[in-house]
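**Student:** For what it's worth, the UniProt record's numbering labels the leading residue of the sequence shown as 1, then goes sequentially.
Built from N, CA and C at the ideal position, the CB exists for glycine as well.
In this text, all values refer to a predicted model and were calculated from it rather than measured experimentally.
The following block contains the structure, expressed as structure tokens.
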Amino acid sequence: MASLTEYGSHTWDLLLRVDHQHEDVQKEFPLQVTGDLHVGGLMLKLVEQIKIAQDWSDYAFWWEQKKCWLLKTHWTLDKCGVQADAKLIFTTQHKMLRLRLPNMKTVRLKVSFSSMVFRAVSDICKMLNIRRSEELSLLKQSEGTLKKKKKKDKNSKEPATEDILNLHNSPVSSGLPANPGLYSKTMTPIYDPVSGSPASSTITWFSDGSSAEQNCSILALSHPTCSPETLAEMYQPRTLADKAKLNAGWLDSSRSLMEQGVQEEDQLLLRFKYYTFFDLNPKYDAVRINQIYEQARWAILLEEIDCTEEEMLIFAALQAQYHISKLSLSSETQDSTCESEVDEVEAALSNLEVTLEGGNKSNILEDITDIPKLADNLKLVRPKKLALKAIKTYWFVFRDTSISYFKNKESALGEPIEKLNLKGCEVVPDVNVAAKKFGIKLLIPVADGMNEVYLRCDNEDQYARWMAACVLASKGRTMADSSYQPEVQKILSFLQMKNWTMCSQTASEPENVDMKPECFVSPRYTKKFKSKQLTARILEAHQNVSQMSLVEAKLRFIQAWQSLPEFGLSYYIVRFKGSKKDDVLGVSYNRLIRIDMATGDPITTWRFSNMKQWNVNWEIRQVAIEFDQNVSIAFTCLSADCKIIHEYIGGYIFLSTRSKDHNETLDEELFHKLTGGQE
């Protein structure tokens with residue numbers, strides 16, 4: 001009897017709430033428990049009390065006050081720290097979530113609210129048939145980016161209900177295993193590599209219903225038309241501070257949706273977070289290529305990334321090519337896939353991938369006995385502080401990762417006037433093909449900031465060779481690197497697209513083409529040109545891309561986007577240690593850039609390849625990074641949680657470890673080790 005009393009003194013009441021759909025059954029259950037009862041035993045006791053015959057396997061305990069799941073069912077209540085005042089909710093781990101895709105379409109699907117976001121995104125990508133899920137993540141739209149919409153909406157009529165693509169019945173969403181062929185390198189192609197249309201076997205992946213083909217089409221094919229009014233209502237960043245707002249809401253990949261305050265039926269943005277698009281293949285990646293293309297397209301239309309008028313017209317021409325081709329393509333021409341077109345797509349792909357330093361092992365063993373060099377007459381443009389016209393021709397020699405210049409060719413055997421080491425520099429194109437201007441702006445790191453050097457080339461070929469060499473040298477690579485020639489070809493290809501004036505006389509008459517030019521350019525250019533003028537200019541530019549297939553037009557669009565100086569930069573407002581003013585930090589796939597907030601000029605660049613270690617002081621929320629040559633920096637992040645920048649750095653380093661030789665299973669443990677932090 002004494003033992004029972006003793007046992008009774010250790011029992012206590014715990015009130016459990018059950019999140020079920022049966023209205024006539026109570027939702028709260030008081031249970032008598034002991035501290036040594038394990039979580040699995042508590043589940044069993046609760047289900048016996050509920051007395052509803054259903055599958056409870058997806059249910060788990062959510063601890064309301066601590067904002068955490070009790071997923072380790074072998075742990076005791078004492079070990080979990082659960083006491084009588086704990087509010088435990090017995091709820092489903094998989095819940096409905098709305099996702100706004102890069103193409104601005106919304107899908108509704110069932111997602112794990114208890115898995116880490118990294119795993120949840122992987123499952124989402126399987127549902128959407130997107131390979132390389134590690135490149136994407138989930139983003140909460142920040143309040144600042146919604147303000148413009150709200151102001152506009154006050155006086156407007158209630159918008160029409162948006163079409164939502166329901167995918168909660170897809171095989172993966174229903175809890176069935178993914179088709180193993182989906183990620184197999186030897187599988188049958190599931191998309192036409194020219195048009196991007198899904199193969200019949202692919203359509204069944206999305207659903208068995210009649211809407212399957214439509215569902216697949218929404219994800220894999222582009223639907224570019226949007227009204228200028230819609231565009232005007234969307235958030236357009238005007239300053240670097242505005243651009244910083246776009247990146248404030250990334251979810252923590254090491255915590256679950258529920259732990260981060262996401263509720264059932266909430267809407268999040270699914271976006272490519274890391275700008276390293278690895279192993280793109282049109283045969284398997286039509287959805288992925290389309291969504292990258294759409295993310296790039298909207299970034300340009302909403303001016304999230306800056307580009308010149310000439311570049312804007314190229315982007316418009318490539319979109320128009322997609323639009324015009326879709327209008328003119330009959331089912332017969334789509335079916336007759338031409339081998340040469342497939343080859344063109346493969347060729348476009350060979351230039352497309354952006355790889356991190358160290359990502360390609362074959363580049364390490366360069367032919368050190370014969371590293372190529374460039375030698376040419378180039379113009380050096382001095383800043384106009386010292387003289388009205390400070391442009392002078394010198395003899396330039398590019399060797400290894402340095403540029404030297406001399407008074408003339410004859411004096412090249414002696415000492416140079418100056419030698420510039422380009423390792424770690426910023427390389428910015430300054431090109432206007434129509435005006436025959438081929439400039440290269442170099443921002444070279446020095447002790448107190450960046451030294452600006454402008455080079456002017458005479459023609460396209462010379463520019464492509466020197467620009468490619470500068471780009472590689474900035475990453476610490478020489479012209480012996482295997483990526484040098486593809487880089488030259490990529491630059492020439494981009495210049496060729498810009499050079500539409502050569503064939504403008506053959507441009508179609510604007511009246512003959514049904515297109516709304518306002519849908520293809522940012523609002524700034526719709527204000528600058530009349531509709532007819534804009535159509536004519538887009539069609540002029542379109543002449544150079546009119547022979548491209550649909551998929552190649554998308555790949556070229558992505559490639560042109562990657563060529564922009566600001567490509568891949570995510571901005572954050574930070575305060576560097578010892579500084580009295582705020583700066584902007586740009587995080588890219590291979591470097592960090594400190595940028596002057598007022599002028600937008602780069603101050604200093606630090607490359608990941610020179611980074612020795614980084615850590616976070618979680619108490620003061622400060623990120624500290626050490627680089628080679630005893631360079632160290634520290635900063636606090638003002639526009640977002642410092643964990644986001646910490647995860648960005650670790651994420652890019654994780655992605656640099658990927659290899660085509662490995663199978664496509666990801667080392668999740670390594671990702672969390674590099675990005676998780678120790679809070």
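Going residue by residue through the stretch 250-314, where are the continuous alpha helix (DSSP H) segments of at least 4 residues, counting only ones entirely within it?
**Tutor:** Runs of the alpha helix (DSSP H) inside the stretch 250-314: 286-301.
**Student:** Measuring alpha carbon to alpha carbon, tell me which of L138, V107, K110 and R108 ends up nearest V121.
**Tutor:** It is L138 whose Cα lies nearest to the Cα of V121.
**Student:** Please determine, among Q622, D596 and L592, the residue with the shortest C-alpha to C-alpha distance to S609.
**Tutor:** Measuring from the Cα of S609, the nearest candidate turns out to be L592.
**Student:** Can the beta-carbon of Y572 be found less than 7 Å from the beta-carbon of C642?
**Tutor:** The answer is no: Cβ separation not under 7 Å.
**Student:** When you compare the stretch 474-491 with the stretch 275-294, are there three or more beta-carbon pairs, one atom per stretch, that lie closer than 8 Å?
**Tutor:** With a cut-off of 8 Å, the stretch 275-294 and the stretch 474-491 do not count as touching, because too few Cβ pairs lie within range.
**Student:** Between the stretch 458-475 and the stretch 422-442, do three or more beta carbon pairs fall short of 8 Å?
**Tutor:** In short, these stretches touch, since the Cβ pair count reaches three.
**Student:** Ignore the nearest five residues each way along the sequence and tell me which others in D461's own chain have a CB closer than 8 Å to its CB.
**Tutor:** Cβ neighbours of D461 beyond the five flanking positions: L492.
**Student:** The beta strand (DSSP E) that contains C68, what's its start and end?
**Tutor:** Unbroken beta strand (DSSP E) run through C68: C68 to L70.
**Student:** Quick one: which unbroken alpha helix (DSSP H) runs of 4-plus residues sit fully inside the stretch 439-491? Chain order, please.
**Tutor:** If we require 4 residues or more, the alpha helix (DSSP H) runs fully inside the stretch 439-491 come out as 460-474.
**Student:** Where does the unbroken beta strand (DSSP E) through F406 begin, and where does it stop?
**Tutor:** From DSSP, the beta strand (DSSP E) with F406 extends over S402 to F406.
**Student:** Report the rounded CA-to-CA distance for K79 versus L14, giving the unit in angstroms.
**Tutor:** Near 16 Å, if we compare the C-alpha coordinates of L14 and K79.
**Student:** According to the Cβ coordinates, are S588 and L569 closer than 7 Å?
**Tutor:** It is a contact, given that the beta carbons lie within the stated cut-off.
**Student:** If you count every other CB in all the chains shown that lies within 10 Å of the CB of T333, and 16 or more means buried, which is it?
**Tutor:** Unreliable positioning characterises T333 in this predicted model, as indicated by a pLDDT of 41, which lies under 50. The coordinate reading is nonetheless provided below. Exposed is the call here.
**Student:** Taking buried to mean at least 16 other C-beta atoms within 10 Å of its own C-beta, is L251 buried or exposed?
**Tutor:** Under this definition L251 is a buried residue.
**Student:** What is the rounded straight-line gap between the Cα of K436 and the Cα of D242?
**Tutor:** Cα to Cα, K436 sits roughly 34 Å from D242.
**Student:** I'd like the span of the alpha helix (DSSP H) that includes H646, first residue to last.
**Tutor:** It spans C642 to L655 - the alpha helix (DSSP H) in which H646 sits, taken as one unbroken run.
**Student:** Please tell me whether F396 and L378 are closer than 7 Å, where the distance is taken between their beta carbons.
**Tutor:** Yes, the pair counts as a contact, with Cβ atoms nearer than the cut-off.
**Student:** Please work out which residues of its chain come closer than 7 Å, Cβ to Cβ, to Q321, disregarding the five sequence neighbours upstream and downstream, and give them in chain order.
**Tutor:** Closer than 7 Å at the Cβ level, and outside the excluded window around Q321, lie H542, V545, S546, M548 and A553.
**Student:** Answer yes if the stretch 50-69 comes into contact with the stretch 227-244, meaning at least three C-beta pairs across the two stretches below 8 Å, and no otherwise.
**Tutor:** The stretch 227-244 is not in contact with the stretch 50-69.
**Student:** Determine the direct distance from the alpha carbon of P30 to that of R271, and round the result to whole angstroms.
**Tutor:** One C-alpha to the other measures close to 43 Å.
**Student:** Taking the alpha carbon of E311 as the reference point, which residue from Y652, E265, A434 and S253 has its own alpha carbon closest?
**Tutor:** Ranking the options by Cα distance to E311, first place goes to A434.
**Student:** By a C-beta neighbour count over all protein chains shown, 10 Å radius and 16 as the cutoff for buried, is K475 buried or exposed?
**Tutor:** It counts as buried.
**Student:** DSSP three-state call for M43: helix, strand or coil?
**Tutor:** It is helical.
**Student:** Give the single residue among H22, V631 and F438 whose Cα lies nearest to the Cα of P445.
**Tutor:** Looking at the Cα atoms, V631 is the closest of the given residues.
**Student:** Should I292 be labelled buried (16 or more other beta-carbon atoms within 10 Å of its own) or exposed?
**Tutor:** By the neighbour-count rule (16 or more Cβ atoms within 10 Å), I292 is buried.
**Student:** With K105 and I218 assumed to form a contact (beta carbons below 8 Å), what rounded beta-carbon distance in angstroms separates them?
**Tutor:** Yes, they are in contact, since the Cβ atoms of K105 and I218 sit about 6 Å apart, within 8 Å.
**Student:** Alpha carbon to alpha carbon, how far is L257 from H74? Give it in angstroms, no decimals.
**Tutor:** Spanning the two alpha carbons is a distance of roughly 23 Å.
**Student:** Measuring straight from C-alpha to C-alpha, what distance separates F398 and M497?
**Tutor:** One C-alpha to the other measures close to 27 Å.
**Student:** Which residues mark the beginning and the end of the alpha helix (DSSP H) in which I558 is found?
**Tutor:** Per DSSP, I558 belongs to the alpha helix (DSSP H) from L550 to Q562.
**Student:** Using the DSSP secondary-structure output, state which residues sit across from E626 in a beta bridge.
**Tutor:** Bridge partners of E626: Q613 and S632.
**Student:** Could you spell out the range, first to last residue, of the beta strand (DSSP E) harbouring A412?
**Tutor:** Premise fails: A412 is in no beta strand (DSSP E) and is neither H nor E.
**Student:** Considering only the beta carbon of each residue, do P517 and T535 sit closer than 7 Å?
**Tutor:** Their beta carbons are under 7 Å apart, which means P517 touches T535 by this criterion.
**Student:** According to DSSP, which residues form a beta bridge with V428?
**Tutor:** In the DSSP output, where bridge partners are listed per residue, V428 has K441.
**Student:** Counting only the same chain and skipping the five closest in sequence on each side, list residues whose C-beta sits under 7 Å from that of G249.
**Tutor:** Within the same chain, G249 has close Cβ partners L139, K140, Q141 and S142.
**Student:** Among the candidates H22, Q32 and E28, whose CA atom is the shortest distance from the CA of H10?
**Tutor:** Comparing Cα positions, the closest option is Q32.
**Student:** Which residue wins for smallest C-alpha separation from A84, given the options Q562, T308 and L16?
**Tutor:** When each option's Cα is compared against that of A84, the closest is L16.
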